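All the letters of the sequence shown, read from the start, carry residue numbers -24 to -1, 1 to 388 under mature numbering (1 follows the signal peptide of the UniProt record, and there is no 0). We treat Cβ as the ideally placed atom computed from N, Cα and C, and that holds for glycine. Remember, it's a predicted structure, so these values are computed and weren't measured experimentally. The structure appears right after this line, and notes come after that.
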Amino acid sequence: MRYRLTTAAFAAGVVFAAASSASATDLEVTHWWTSGGEAAAVAELAKAFDATGNKWVDGAIAGSGDIARPIMIGRITGGDPMGATQFNHGRQAEELVQAGLMRDFTELAEKEGWTKLIHPKSLLDGCTLDGKIYCVPVNIHSQQWLWLSNKAFADAGVAVPKNWDEFVAAAPALEKAGIVPLAIGQQPWQTTLAFQVILVALAGPETFQKVFGDKDATLAAGPELAKVFAAADQARNMSAKSNVQEWNQATSMVISGKAGGQIMGDWAQGEFQVAGQVAGKDYTCLPGLGVNEIISTGGDAFYFPKQTDPEKAKAQEALASVMLSPATQVAFNLKKGSLPVRGDVDLNAANDCMKKGLEILAKGNIIPAPDQLMSADGVTQINDLFVEFFANKELSAEDAQKRFAEIIAAAD
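Structure, rendered in structure tokens:
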């Protein structure tokens, strides 16, 4: 899929803004984008929506999705729905849709041709239940990245690694120089993310699909995954002195050269940009840990709780449309560090790391995100396991693997 901005597509975005509603309607939008790079990206969405004649009322919830989602869900189920809310691609809002609390946007999607615009198809499939479309994908975020501080490796007197094995081998030199080899925050999803990225890189995408998609507990308990848990144990040792909480605090350690690297999604790019750092010069990115160049098609989508006010319902439709407009897709994703969901937009301004992601996407080297394959309960259990694993060295890799296989066996 080529990424370019056609004249007709750009004109369509301009026409939409010019044809905005005459009367302004306030619409509260909840999300958990609060870091510097994320805030800059949200501002682009707000600006585009305000240009329709309506008003974005920001409902940012500090912390991660693990903190924000229960608050969002509680408001929706408790009769105090916001105008729109962020969730990740996948099954996080499935029960809300089944309960009839979310708007059906199938008619708008058909009118605007979302099935032809959104790529890959799995993104819109994740918004679809029983043939009806309930959300708007806004980006593709992949977690399959290792971010490296060029300064940290220069200070340690070793070359910037090209793959996971070289990174592990450089750890003693980093530690000798007083640098934390691997920065990981203490939020539950971060340790799980590190494990999942290691799994895809070292065991391959087919193994990932069989474990998380097919729920193959035998494979999860076998020798192939034992190698992955051994590598996760290496990551645990390399991150032992990483004592930050938030993911962006871990990214800041890499930016400042206090840490050698971080396993994190491509949303980390927004933090490097805000810090004025340049990909390839100040930092290096290794998709798939430099081993398996694969990206996951995770990311963010917006759902629209049902409203009793018809003006707010109209504003919801305006927001859904503008989120997918070519101009908004470019402006938002360049700030967010993510890839657009449209295949017809121009990303000539993309940095080296974004271009790597686009090339991998164009080749079709993609996998679904875990949230697209497993229920929220299963994901939570895995999160809890890896929080304990990274915090407690008494929990061996072998015992952790046994517990992981049990979770996979019981998962839906």
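Residue 76, buried or exposed, once every other Cβ within 10 Å from all chains shown has been counted against 16: exposed
Stretch pair the stretch 55 to 64 + the stretch 93 to 101: three plus CB contacts closer than 8 Å: In short, these stretches do not touch, since the Cβ pair count stays below three.
Alpha-carbon spacing of residue 16 relative to residue 22, whole angstroms: If I take the Cα positions, the gap works out to 10 Å.
Through-space distance from residue 341 to residue 181, alpha-carbon basis: 9 Å
Segment contact, 8 Å Cβ cut-off, at least three pairs: the stretch 369 to 383 with the stretch 200 to 208: yes
Proximity of residue 267 and residue 94 at Cβ, strictly below 9 Å: Not in contact: residue 267 and residue 94 (Cβ atoms no closer than 9 Å).
Residue(s) in a DSSP beta bridge with residue 277: 63, 113
Among -1, 259, 87, 78, the one whose alpha carbon lies nearest that of residue 283: 78
Helix, strand or coil at residue -15 according to DSSP, with G and I counted as helix: Annotation note: pLDDT 38 at residue -15 (below 50); position unreliable, no value reported.
Top-ranked residue by Cα proximity to residue 220, from 201, 159, 384: 159
Contact under 9 Å by Cβ, residue 185 with residue 349: With respect to the 9 Å criterion, residue 185 and residue 349 are classified as neighbours on the basis of their beta carbons.
Spatial distance of residue 136 from residue 326 (CA atoms): 23 Å
Buried or exposed (CB count within 10 angstroms, at least 16 for buried), residue 43: exposed
Euclidean distance between Cα positions of residue 217 and residue 156: 6 Å
Contact belief for residue 161 with residue 210 at Cβ below 8 Å, rounded distance in angstroms: Incorrect: roughly 18 Å between the Cβ atoms, too far for contact.
Range covered by the alpha helix (DSSP H) that runs through residue 12: 12 to 26
Residue 72 and residue 288 closer than 9 Å at C-beta: no
Inter-residue spacing [alpha-carbon to alpha-carbon] between residue 235 and residue 132: 11 Å
Three-state class that DSSP yields for residue 4 in the structure shown: It is a strand residue.
Euclidean distance between Cα positions of residue 18 and residue 199: C-alpha of residue 18 to C-alpha of residue 199: approximately 44 Å in a straight line.
Completely contained beta strand (DSSP E) runs for the stretch 207 to 283, where each covers 3 or more residues: 235 to 239, 259 to 263, 276 to 279
Three-state secondary structure assigned by DSSP to residue 290: helix
Residue 292 and residue 60 closer than 9 Å at C-beta: At a Cβ-Cβ threshold of 9 Å, residue 292 and residue 60 count as neighbours.
Buried or exposed (CB count within 10 angstroms, at least 16 for buried), residue 254: exposed
DSSP state of residue 94 mapped onto helix, strand, coil: strand
Other residues of its chain near residue 382: CB distance less than 7 Å, five sequence neighbours each side excluded: Excluding residues within five positions, none has a Cβ falling inside 7 Å.
Residue 312, enclosing beta strand (DSSP E) - first and last residue: No beta strand (DSSP E) contains residue 312, which is instead part of the alpha helix (DSSP H) from 302 to 312.
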